[in-house]
Structures are given as structure tokens and as C-alpha cells.
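Sequential numbering from -11 applies to the sequence shown in this note's numbering. Where is the CB? At the ideal position from N, CA and C, for every residue including glycine. To keep things clear, I will list the structure first and then write my remarks on it.
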Amino acid sequence: MLTKIQRLSGVSAVAMLWFAVSVGMIKAGVGLVDTRPISFLGVASETALLFNSLFFLSAILFMIFGVYLYRTFNSNKWFLATFLIGQAAQVIAALFQYGGEDKLIHTVAAFTLAVAIPIYMMFFAFSIKKQPLRTIVFRYYYIELLFFTIGIGAFVFIKGISPLAEILPALPFHAWVLYLTLKK
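Below is the structure:
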């Protein structure tokens, strides 16, 4: 029973994030093409409590999922360490909101999370020895790396598409979570 809860914690976290972002964007009037980043949902009065709470809780669920992956797939300690660092950064980003004096802390934590995702997906892929799983998780990693590069580039260099640039790298990561949940 505990293993099933751990296995499902990843998709639960993904669902929680998509709910928070979707409802938050609708309530705050933030579009995919917008100058305000998704982090704005954590300071907008109509969405702050919902967004920050679910952002925090999803990080805890992802931590549980990371430990599940580490144990189930015998992945290496580098995977687990970077996974937990990334999720700790998400907790910090949820606790220190985007606005005001906490903006720098939030931004550093959010970028730490963003950078950690392709790194821990790479460590996970390298730790898998069995085929075809190794090939499949490497494909997810390559797609994540591509979407991460495009998303970060768009976020930094193209003004007015912040939410779209932030969501783009989440897509292959969330698909990876779903695949690994259904795999076992």
C-alpha cells in the first residue's frame, strides 16, 4: 500500500501543479502569452493562497516520488541528491514569493529547480541498465533538455511569453513522471 502511494505521488504532484497553474492563470487573468511569469500567481491576491499551497505540497509529493524512483529503479545517489535539491528549491520558491523583498530568493530557487530537472533526468537515465527502459528515459531526457533550452532562452530573450516559456520544460518532465508511474 505504501509503495502504491509513493508511486502515485508523482502524478498527484503533476495534477496538483496543473490545477494550481490553470486555475491561477484563469483567476488572475494571466495568459500563456503574458509579461507576468507563473510566479506572479503566488503574489496575486486572488490566487496566492491556492498557488503557493499547492506549489509547496506538490514539491513534497515529488520528493516522495523521487525516493520511490531511487528505490524501485536502483538509480544512483546523484539522481536522488539532485532530485531532492530541485524539490527543496521548489519548497523555497513556494515559501518566498515572487514579489517584494523575497523576489531574489524566489527567483534563485525557481531557476535552481528549473536547472535541476534535466540534470536529475540525466542521472536517472545513466543509472538505468536495462533496455528498452534506458533508451526510453534517455529520449525523455533529450526532449527535456531541448524544451528546457528553448524555454529558458525564450524566458530570457523574448519578452511577453513568460508563462509559455516556463510551461514548455514542464511538459516532458511531467510526461516522464507519468511514464515511470505506469512503468511499474
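Exercise. Could you pull the start and end residues of the alpha helix (DSSP H) that V11 belongs to?
Key: L(-10) to A16
Quiz item: Does the Cβ of F145 have 16 or more other Cβ atoms within 10 Å, making it buried, or fewer, making it exposed?
Solution: exposed
Quiz prompt | Chain-order list of residues whose beta-carbon lies under 6 Å from that of A32 (same chain, five-residue window excluded) | solution = Take A32, set aside five residues on each side of it, and the residues of its chain with a beta-carbon closer than 6 Å to its own are A16, in chain order.
Quiz item: In terms of residues, what are the limits of the alpha helix (DSSP H) holding S150?
Solution: S150 to K171
Quiz item: Alpha carbon to alpha carbon, what distance is there between I107 and K118?
Solution: C-alpha of K118 to C-alpha of I107: approximately 20 Å in a straight line.
Exercise. For the alpha helix (DSSP H) holding E89, just list the boundary residues, first then last.
Key: Taken as a continuous stretch (DSSP letters only), E89 belongs to no alpha helix (DSSP H), as it is neither H nor E.
Self-check item: Through-space distance from G87 to V18, alpha-carbon basis
Solution: 16 Å
Exercise. Using 10 angstroms around the beta-carbon of V21, count the other beta-carbons present and answer buried if the total reaches 16, otherwise exposed.
Key: exposed
Quiz item: Hey, quick one: how far does the alpha helix (DSSP H) through E132 stretch, first residue to last?
Solution: From DSSP, the alpha helix (DSSP H) with E132 extends over L121 to F145.
Exercise. Would you kindly check if the distance between the Cβ of L5 and the Cβ of S46 is under 8 Å?
Key: Yes, the pair counts as a contact, with Cβ atoms nearer than the cut-off.
Quiz item: Roughly how many angstroms lie between the CA atoms of A36 and F53, to the nearest whole one?
Solution: 25 Å
Quiz prompt | A32 in three-state terms, based on DSSP | solution = coil
Quiz item: Should the segment 124 to 134 be regarded as contacting the segment 158 to 172, the criterion being three or more beta carbon pairs within less than 8 Å?
Solution: Verdict: yes, contact present.
Quiz item: Does DSSP put K65 in a helix, in a strand, or in coil?
Solution: helix
Quiz prompt | Cβ separation of L57 and A77, assumed to be a contact under 8 Å, to the nearest whole Å | solution = The Cβ separation is near 18 Å, so there is no contact.
Exercise. Go ahead and label E154 buried or exposed: buried means 16 or more other beta carbons lie within 10 angstroms of its beta carbon, across all protein chains shown.
Key: buried
Quiz item: If we ignore side chains and look at the alpha-carbon of each, how far apart do F126 and Y167 end up?
Solution: Pairing F126 with Y167, the inter-Cα distance amounts to about 13 Å.
Quiz prompt | Three-state secondary structure assigned by DSSP to T70 | solution = Here T70 sits in helix by DSSP.
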